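Here is the structure we will look at.
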Amino acid sequence: MDIVFVRDLRFKTIIGVWDWERQLPQIVSIDLEMGWDISAAAASGDLEDALDYKAVSQKVETFVQEQEFRLVEAAADAVANMVMDEFSVPWIRVSVQKPHAVTQSQSVGVVVERGSHG
């Protein structure tokens, strides 16, 4: 299984468990790794045969900005399920990070993996 990836998508969304966290949208950083057989796209050079990472990125942006999440775990799970459903991706790994959520760290977050490598 080949992997198509998108790194460090940054969007604002309502995320957090504390009231003060939910008053204004916060930045989250999202990495995607998606299983995809790239052989047809490599042979044809045609976007129709590829996993359109721009379309995936735009859909993730809209999805994340329209949602509210209490936990990064919920955000990662929701993004993974949406991408698998919308783009027929058989396997996905999603990382969701909240920059500076802990004062001493650059970011905190989770990584979820769904589906099978085939």
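Position one of the sequence shown corresponds to residue 2 (this note's numbering), numbered consecutively onward.
Just so it is clear, CB atoms sit at the ideal spot from N, CA and C, and this is done for glycine as well.
From a predicted model like this one, the values you see are computed outputs, not experimental measurements.
Other residues of its chain near residue i: CB distance less than 7 Å, five sequence neighbours each side excluded
| i | result |
| --- | --- |
| Asp78 | Val113 |
| Tyr54 | Val5 and Val7 |
Which residues DSSP lists as bridging residue i, in chain order
| i | result |
| --- | --- |
| Pro100 | Ser108 |
| Asp32 | Ser96 |
| Lys13 | Ile28 |
| Glu114 | Arg94 |
| Asp3 | Trp37 |
| Glu69 | Ile15 |
Other residues of its chain near residue i: CB distance less than 6 Å, five sequence neighbours each side excluded
| i | result |
| --- | --- |
| Gly32 | Before going on, a small fix: residue 32 reads as Asp here, not Gly. Counting only Cβ-Cβ distances below 6 Å, and skipping sequence neighbours, we find Arg8 and Ser96. |
Whole-Å CB distance - residue i paired with residue j, under 8 Å assumed
| i | j | result |
| --- | --- | --- |
| Phe64 | Met83 | 5 Å |
Are the segment 95-109 and the segment 36-54 in contact at 8 Å, needing three or more beta carbon pairs? When C-beta atoms of the segment 95-109 are compared with those of the segment 36-54, fewer than three pairs fall below 8 Å, so the two segments do not count as touching.
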